[in-house]
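In this note's numbering, the protein residues as written are 6 to 690.
First the structure, in the form of structure tokens, and then the observations on it.
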Ligand code: RUQ
Ligand code: CUA
């Protein structure tokens, strides 16, 4: 049976063949340990006790929690019910989504615009629910785009992407989109250091140390509307920022980032960025930075980045290219940023619910360092430093350290908290989840996870008030967990019960894309606000058709605007003539329904685009340029009524230069000549 063991043997062979370098020996030793030590036992039969009844949600009953899960390379966000693990929805964010017409409809295309034009995909790693006083408030969900640095805000009333902001001076927006306790800021650190956007990037790569810079960005969030604005950016040494978390309570004013590659390597990082015994956790006093920014300090830099906003009343997005950012060079503000040494290429950077403990996770470390916020503050006050790194003071390791969790397992990655004084950490290499006590840093329990868990998530586990009860591990390797589906397997997600002393594995289920991180929240906080329809009378889309009687087809030069309505079970109009080859035809579809869960779809034969799926009360537009004359049926794609299959129509396309006039109709039969039977019964007041 294939298992993690084989994977690591394979990896090891690959390493050995390629690089016989001294620095490798540590990595190899750790991998070796994983082979001999920690293969999960009973891998195929591991659910415990009354697991089935714990995850069973009877038909018609709701799940206890919403679980929002990042889609990784799918670019989208998925929503699962917990404890059932049922997939409730895929929300399109950074990637085109033909199912919803996301990025295909004229109204949503601007959402994927960037300073480089439309970017139809991204790599979506982390999610963060908005908070008030460090507790989840159920309003918005923030999502990062890794590859083309962007942050999205999803509105949890509609489960739609409401806003996307591109981030300048960044590359690989990984330590994002973590937030401050009152959602004052969404924070984003660059994974790749790069030359700044207004500097010449056309430089030799081996000038890394001189020309490559890191940044972290603070994006302010309007407390009422949620609208995001790039506030300020900090200019930092060229290293790789990996993850981050905001302080809480006493550490409210601070933000913590992990970084690796303090070696400033630019090639073969797996070896060259694993040289130093310690990299850093960076502590940023964002309140100080905000103060300087508000005093007008920092360099105003001209850059280009897109800011895309979806307006719910027009059902349309706009994209604006912004051109300015403020950059605070940390060298000029010495009391703002500090480095804390952290063993071996830290990855996770997690703050406990009290705000006192900051947990770093060295991917290659065999211990978990826990730092104390009060000790950090004392060390800063007494300048208990170990020199500086590129002008940034480095706090002495021992001066910041609360203690180390000894022998927790191998390859610690991410930690979350249950609010009862316990922490849970994923061990990538030894493929397990380890529970330990914040008080005495003793390991309390360990449980295998299949296989190689990346992030784990406890509902509310990175907030001041964890909900606890469950833990979900998002695993990187699936192997034999499910029926084989060819070379590609869905990623494995595992649900644990953590309400007792010992963790219990309840279930595992596949997930979409590559889930990295998730957020979960008791269902009632969100369900009660969920929008069921858009009110047709509030529809401000410039192409809305307020009732069947208003439907029409208008030619302007070679542009044809079709104002079409949908209601069970017909389109109005459903017969259109006079369209010519090469015309730009805009179908503006208004769904007149005012009933929950009655979308109508719209698809035209051979149109080289996706469908539209129009929600009740909404207007969406599909552009089509017919290339060949002939007859083009269109139909509703969503089975909406007993007569759904009758919800269809025809467009006659004539050759360029023909003189067939524009005409349109509904219910006009050649057998019953006479008046066009446009039904005007659906009127708005
Ligand atoms: S990462 S597996 Cu992109 Cu959050 Cu740690
Ligand atoms: Cu409308 Cu099917």
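Glycine residues also receive a C-beta, built at the ideal position from the N, C-alpha and C atoms.
Where the beta strand (DSSP E) containing residue 372 begins and where it ends: 372-377
Beta carbon shell of the ligand RUQ at less than 5 Å from a heavy atom: 130, 459, 521
Backbone CA spacing between residue 344 and residue 318 [nearest angstrom]: 47 Å
Residue range of the alpha helix (DSSP H) that includes residue 59: 56-60
Residues of its chain near residue 126, where Cβ-Cβ distance is below 7 Å and the 5 sequence neighbours each way are ignored: 80, 99, 100
Boundaries (first-last residue) of the beta strand (DSSP E) holding residue 421: For residue 421, the enclosing beta strand (DSSP E) starts and ends at 417-422.
Nearest-angstrom Cβ-Cβ length linking residue 522 and residue 75, presumed shorter than 8 Å: 5 Å
Residues that residue 190 bridges to, as DSSP identifies them: 225
DSSP beta-bridge partners of residue 345: 286
Which of helix, strand or coil DSSP assigns to residue 256: helix
Cutoff 7 Å; reference residue 124; Cβ partners in own chain excluding five residues on either side: 117, 153
Nearest to residue 667 (by Cα), restricted to the options 623, 560, 86: Restricting attention to 623, 560, 86, the CA atom closest to the CA of residue 667 is found in 560.
Beta-carbon contacts of residue 591 that lie in its chain and below 6 Å, excluding the five residues immediately before and after: 566, 626, 628
Any non-hydrogen atom of the ligand CUA closer than 7 Å to residue 347 Cβ: no
Cβ distance (whole Å) where residue 298 is taken to contact residue 237 below 8 Å: 4 Å
Residue 64 burial status per 10 Å Cβ neighbour count (16 or more: buried): exposed
Opening and closing residue of the alpha helix (DSSP H) in which residue 293 lies: 291-299
Closer than 7 Å: residue 197 CB and nearest the ligand CUA heavy atom: For residue 197, the shortest C-beta to heavy atom distance toward the ligand CUA is 7 Å or greater.
Delimiting residues of the beta strand (DSSP E) encompassing residue 531: Element bounds for residue 531: not the beta strand (DSSP E) but the alpha helix (DSSP H), 529-532.
Inter-residue spacing [alpha-carbon to alpha-carbon] between residue 213 and residue 321: 42 Å
Proximity test, residue 164 beta-carbon vs the ligand CUA heavy atom, cut-off 7 Å: Not one heavy atom of the ligand CUA falls within 7 Å of the beta-carbon of residue 164.
Straight-line gap, residue 416 to residue 54 (C-alpha atoms, nearest Å): 29 Å
Residue 667 in three-state terms, based on DSSP: Residue state for residue 667 is assigned as coil, using DSSP reduced to three classes.
In DSSP terms, what residue 458 is bridged to: 480
Contiguous alpha helix (DSSP H) assignments of at least 4 residues, all confined to the region 515-587: 529-532
Residue 155 vs residue 141 beta-carbon contact at 8 Å: no
Cα-Cα separation between residue 474 and residue 464, rounded to whole angstroms: 8 Å
Contacting residues, own chain, Cβ-Cβ under 6 Å from residue 433 (five flanking each side not counted): 416, 418, 457
Given residue 643 as reference, the closest of 220, 571, 133, 673 once Cα atoms are compared: 571
Cβ-heavy atom distance, residue 639 to the ligand CUA, below 7 Å: no
Spatial distance of residue 204 from residue 221 (CA atoms): Within the model, the alpha-carbon separation for residue 204 versus residue 221 is close to 17 Å.
Residue 649 to residue 641 span [Cα, whole Å]: 7 Å
Other residues of its chain near residue 370: CB distance less than 6 Å, five sequence neighbours each side excluded: 348, 349
Touch test, the region 541-559 against the region 494-501, Cβ-Cβ under 8 Å, three pairs minimum: no
Residues near residue 158 by beta carbon distance below 7 Å, same chain, minus five either side: 145, 147, 167, 168, 231, 233
CB contact flag (residue 106, residue 618, <8 Å): Cβ distance < 8 Å, so residue 106 and residue 618 count as in contact.
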